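**Student:** Residues in the sequence shown are numbered consecutively from 588, following my numbering. Built from N, CA and C at the ideal position, the CB exists for glycine as well. Computed from a predicted model, the values in this text were never measured in an experiment.
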Amino acid sequence: MVIAMTEGEQVRDDHDQLHSDDASPGNQTTPTERAGDKDEDYEEYLIVVDYTDEAERKRVEYLLNNRDSTEAEPIRGFARIVETDDVQALYEDLSAKVDDINDVEIDRLEDVDATPSEKELDFSIQTDVDTDRVDWLFESLMNKRNATVADPANDVYTISTRKGTATCWYNTSSNPDGTVTIHVFTSGYGEAPRVVIEYLQDEMEGFL
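In structure tokens, the structure reads:
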């Protein structure tokens, strides 16, 4: 049973002192001991992803299971995020409801101030194809990748890849010689923008 809150070890220590007559210290198991051997340089974090579909959940799960320098495991048993003004009293009440007090673990949650860096990539192509043809090409490429419309007013699309999702859009400008320059942009996190920009550049340069 894991209740997300923390002061885990301190609450455990206070609880063990209160129940020293019920269980010998040698039989007590700390949360760290139950978790097994951990890299001393690692810190533990609770990651919650409010995913929208199964494909998104699988992408996140695959990343956590395969990312270097990361160890991930699902939360065991019953888990709840709880707010209380008396964690010690809560621990006492929980201990009375379970068969083994060592099955109860309480940890405090603290927000992590970590903002990912959004990447923006772009490229340009000069062509003598008219803008209507460019519009048709871009829409065709979006349909090919089952892209969704993120901003209909500005023709911004979202493309999902194995590396994540990225938004993309384009605009055109007319040149004095009668040609048209197409400016294509992608934005997102991680490797997704690179994957999307490479796809669009390869397809558009091959067609135009």
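1) Counting Cβ pairs closer than 8 angstroms, one from the stretch 681-697 and one from the stretch 747-754, do we hit at least three?
2) Provide the residue span of the beta strand (DSSP E) that contains Ser-774, from first to last.
3) Compute the Euclidean distance between the alpha carbons of Arg-646 and Tyr-744, then round it to the nearest angstrom.
4) Do Glu-792 and Ile-576 count as a contact pair if the criterion is CB distance below 8 angstroms?
5) Mind checking whether Val-699 and Tyr-757 have CB atoms under 8 angstroms apart?
6) For the stretch 653-725, list the beta strand (DSSP E) runs that are entirely contained and at least 3 residues long, ordered along the chain.
7) Distance check for Ser-682 and Thr-702, CA to CA, integer angstroms please.
8) With a threshold of 8 angstroms, are at least 3 pairs of Cβ atoms found where one atom belongs to the stretch 661-676 and the other to the stretch 732-743?
**Tutor:** Let me lay it out:
1) By the Cβ rule, the stretch 681-697 does not count as touching the stretch 747-754, because fewer than three pairs are nearer than 8 angstroms.
2) Where Ser-774 is concerned, the enclosing beta strand (DSSP E) stretches over 767-775.
3) Each residue's alpha carbon lies about 20 angstroms from the other.
4) Given a span of 588 to 795 for the chain in the structure shown, any question on residue 576 remains unanswerable.
5) Cβ distance not < 8 angstroms, so Val-699 and Tyr-757 don't count as in contact.
6) Complete beta strand (DSSP E) runs here, min 3: 666-668, 692-695 and 706-714.
7) Straight across, the Cα-Cα distance linking Thr-702 with Ser-682 is about 38 angstroms.
8) Contact check between the stretch 661-676 and the stretch 732-743: fewer than three CB pairs, one atom from each, fall below 8 angstroms, which does not count as touching.
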